[in-house]
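Report on one structure; see the data block that follows.
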Amino acid sequence: MRTYKEQMGTQTTIEKLEILADAAKYDASCASSGTSKRNSTGGKGIGSTEGMGICHAYAPDGRCISLLKILLTNHCVFDCHYCVNRKSSNVRRARFTPQEVVDLTLSFYRRNYIEGLFLSSGIVKSSNHTMEQLVEVARMLREEHDFRGYIHLKTIPEADPELVHQAGLYADRVSINVELPTDAGLTRLAPDKNARQIEGAMGKLKSDIVEAKDNRKRFRHAPRFAPAGQSTQMIVGADAATDADIVGKASRLYDSFRLRRVYYSAFSPIPDASAVLPLKRPPLIREHRLYQSDWLMRFYGYQPSEVMQATEADGNLPLDIDPKLAWALKFRERFPVDVNRASKEQLLRVPGLGVRAVGRILASRRHRTMRLEDVAKLTVSIAKVRPFIVTADWRPVLLTDRADLRALLAPKQEQLELFAA
Amino acid sequence: MTALQHVKLGTYYVVALPEADDFDFWRERARALVQCEVPPDRIAWVEPGGSGSLFSHGDRRLPVPPADAPPVRASKAFVSLAKSAICHSDPERFALLYRLLWRLQANPRLLEDGADTEVRRLDELARTVRRDIHKMRAFVRFRLVESEDEEAGEHYVAWFEPEHHILRTNAGFFVRRFANMKWSILTPKGSLHWDGNVLEEGPPAQRSDAPQGDPTEDLWRKYYASIFNPARLKIGAMLKEMPRKYWKNMPEAVLIPELVAGAQSRESQMVAAGALEFDERPETLEAIDKAIHACRKCPIGSLDNHAVMGEGPKDAALMIVGEQPGDQEDLAGRPFVGPAGQLLDWHLERAGIDRRSAYVTNAVKHFKFVQRGKRRLHQSPTAKEIDTCRWWVESERQIVQPRLILAMGASAARGMLGKTVSISKARGAPIPLEDGSELWVTAHPSYLLRLDGAAQEEQSRLFDADLAAVKARLAELAG
Ligand code: SF4
């Protein structure tokens, strides 16, 4: 029999890529937007970022592919139950050298397949050793190859803060996954992890980011630090946390650590899962509802407490209708809203009116008194909006009092989706 | 182009554009025509290659505005939308832009009226063009051309089929991104060539002018196939952002049909490979007893053995957890009846703990052994086996709801905590568990059996101390 070392040595790049991309697919984030603008003119290397990220392909799971998202290695000394790379799992293992990751990133980038690299890793030897390797990849890309594309590093909360700091100097974005919405879930499913350590590391990153921003205001040449900020991910449906728990946790994280994004990843069956996990994956639509509620808080002025008001008795958001509609149905007394008079804030509460539609209504109504057909031109579906608005020629006939309003408005298609999930 | 002439009222005019996306040219002509008060329905705008002029008899000599003509007004919003919209392939776009410019003179804030049909059309054209620009940035795939000539260096060539006239508008993006690379983008509407210093425009090209493959595409395809999660197929979402019309020039797209077709079996493989199909948690101890006898979730269950259920009061305040049944337990079908059990009983008695008041069970429900002749030799369960069987001890815990759990040995501790702890470090102090109960960890009595002399005395003493602490703590909890 060949020794373990020999087996590793004979793996080709393509075999490693298969294993280490496969292991990275449970991370929801692939975004490459919101960093500082730069391009490769005047440099030696390649790459640019122009604010907006680019999705270079879409996978059959509907998710965007914008970055080369891989693990440096899927060996891990930790034993988190929801994780496919857990120590006690029997998955095939592989390990890239930093040089291999650099080469892959550059050759994909040159062919315009990707915006950059999203690198994370299982923990080998020690947290510090692993973090050093991650930083080394970013350093080689930036310093040796003058790479100006996007780099996202998943940092290891247990590593020395100085190493985590270095990651922020090379990367556009840094992230630390909180993994699970509740401390109880974390204790149970990620026994090697520690909530306080994770939040401590996030807090440190936040102050590094704030400080670097501050310095750049005063000294033009102060080094940039993670210009695209920090993000995190939590797994939904692996423990008993309700949507109310999750929304609460997310809003606390946004507030305390000024995160750019919280990603939700519906727990999905993983090879070699442990028996402590639930057997059924949660419906994907649950993940979707959480993103919608995130959206309500970030762009529509909803307070976390208001999103929680939209949950049902079991603490979860309804699956058949979106959270905005759920909220509106619970607070019917706030409707209908007069399209010709209402404030922007009031209009943003109307189910079916997006930020864009509200902007167009506000602009248009300076020129005309809005009738139902005018609103229809500016919205995706007037049927959904109609029960909640008043226009020059329309007033809902106590529709907001109808008990079957929910059934009337619940989109048929989403029910199908539910069924399919 | 024809030099501008003087105004001819009542005439139709034909404006032929030199390029399909020439905004400046359009703006010059449109401005003059507005100043000469030529109404929109008197002008035919013709793009290169376009014939469709109803006014083929129209006059190609345009009127010259009088020197004192008022300036033409256009809002910033209009100019920026028009610059995008002019790249659209709709032959009507120039006329639409002119109509809007015409109307803007009377109503400078026209663009704000999103409910106006022409404003909406402009918006839509601009949006479509921006999307096409974005998709080109995303879906261009360069291929490396191997050159004989070493001097020439690497050359990257792409074939792309944009829907609208966006090639020139988009050139800057590729120049900024690949500034130090030599590249060409070939399209049916024209081509771009960048040598690292200078950008040149070339004539329309054909697909056969572009290289056919690149070895890196195998890696890229492997990546594409591996990064998606087959457990969450969402074909509609994919098609919305990456419509089929783009597929033919994307090397990874050939995989899509088989990936979609194979996803379901890949998902079930994922589940079969690991995620164990436990049903709902059993609600009674009897149900657990029945279920563990049928359980084959880990290889131990398939040895020639029976399962051993925990025993004791359903509402015991103390739960004692061992590693796994041994030879005698397996035969008797009861936990802790063999030598280790007898030693445990002896120590419990000394500590003043009534075994019958405790719920006694094991982290692993089946006996793991290797056959040596007639003897079945005990073997320790692996971490994975303990984690798998954890489902059953946890089910027992949920029903009994003990206030205190005594885990004996590393396997039992792992069954409770999900991670391996060192007994010597963990013993002597409670570990709070998430359900509010607390865990105490001690050695397994069979460990004591294997020792002798001073070592055995020392370990017995420690074991007794642990039991005494548990006894005291139980009294406290009951108090
Ligand atoms: S040892 Fe536990 S998990 Fe393994 S087969 Fe027996 S009951 Fe099932």
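Line order of the protein sequences matches chains A and B.
Here the first sequence stands for residues 3 to 423, numbered as in this note's numbering.
Here the second sequence stands for residues 17 to 495, numbered as in this note's numbering.
Cβ coordinates follow ideal geometry from the N, Cα and C atoms, glycine included.
Just so you know, these numbers come straight off a predicted model, no measurement behind them.
For H309(B), the CB contacts under 8 Å within the same chain, skipping 5 residues up- and downstream, are H322 and A323 in chain order. Within the DSSP secondary-structure output, E454(B) pairs in a beta bridge with L420(B) and P448(B). Within chain A, P62 have C-beta atoms less than 9 Å from the C-beta of V276(B), given in sequence order. Against chain A, a Cβ distance below 7 Å from E268(B) picks out A59. With respect to the C-alpha of S233(A), the residue from L261(A), D241(A) and Y172(A) having the closest C-alpha is L261(A). DSSP places N130(A) in the uninterrupted alpha helix (DSSP H) bounded by S129 to R141.
P246(B) belongs to the set of residues whose beta carbon lies under 9 Å from a beta carbon in chain A. A distance below 9 Å separates the beta carbons of A365(A) and D129(B). When C-beta atoms of the segment 300-320 of chain B are compared with those of the segment 403-420 of chain B, three or more pairs fall below 8 Å, so the two segments count as touching.
The beta carbons of L120(B) and L127(B) sit closer together than 9 Å. If the five residues before and after V145(B) are omitted, its C-beta is found closer than 7 Å to the C-beta atoms of S100, A101, C103, H104, H180 and I182, all from its own chain and listed in chain order. Summarising the contact set, residues whose Cβ lies nearer than 5 Å to any heavy atom of ligand 1 are, in chain order, I308(B), C311(B), K313(B), C314(B), I316(B), G317(B), V380(B), K381(B), H382(B), T404(B) and C405(B). Between Y152(A) and G118(A) the beta-carbon gap is near 3 Å, inside 8 Å, which marks them as a contact.
Between N196(B) and chain A, the shortest Cβ-Cβ separation is below 9 Å.
Here DSSP, grouped into helix, strand and coil, assigns Y262(B) to helix. Closer than 9 Å to the CB of Y172(B) there is at least one CB belonging to chain A. Following the DSSP letters along the chain, one finds V30(B) inside the beta strand (DSSP E) bounded by residues Y29 to A32. Around the beta carbon of I16(A), fewer than 16 other beta carbons lie within 10 angstroms, which makes this residue exposed. Beta bridge pairing from DSSP links V62(B) with A32(B).
Of all residues in the segment 359-389 of chain B, none comes within less than 9 Å of chain A when Cβ atoms are compared. Across the structure, P159(A) and D194(A) are spaced so that their CA atoms are roughly 12 Å apart. Interface criterion met: the Cβ of T15(A) is under 9 Å from a Cβ in chain B. Not one beta carbon of chain A lies nearer than 9 Å to the beta carbon of M325(B).
Put simply, of E52(A), C66(A) and N92(A) the residue whose alpha carbon is nearest the alpha carbon of A399(B) is N92(A). Boundaries of the alpha helix (DSSP H) harbouring M152(B): T133 to F155, taken from the DSSP string.
Around Y172(B), the same chain offers F158, R159, L160, V161, F194, M197, K198, W199 and S200 as residues with beta carbons nearer than 8 Å, after the five sequence neighbours per side are excluded.
Residue-level contact by beta carbon fails for M335(B) and chain A, as no gap is shorter than 9 Å. Residues of the segment 394-423 of chain B that bring their beta carbon within less than 8 Å of a beta carbon in chain A comprise T398, A399, K400, D403, T404, C405, R406, W407 and E410, in sequence order. Shown in chain order are the members of the segment 135-167 of chain B whose Cβ falls below 8 Å from a Cβ of chain A: R136, H150, R153, A154, F155, V156, R157, F158, R159 and L160. For the set P461(B), S453(B), K441(B) and L393(B), the Cα lying nearest the Cα of M424(B) is the one of P461(B). Neighbourhood of S31(A) in chain B, by CB distance below 7 Å: empty, with the nearest CB roughly 12 Å away.
In the structure shown, the three-state DSSP call for Q395(B) is coil. At a cut-off of 9 Å between beta carbons, I243(B) contacts chain A.
Residue state for L113(B) is assigned as helix, using DSSP reduced to three classes. A distance below 7 Å between beta-carbons, with the five flanking residues on each side excluded, links R370(A) to the following residues of its chain, in chain order: D376. For S383(A), the secondary structure class from DSSP, reduced to helix, strand or coil, is coil.
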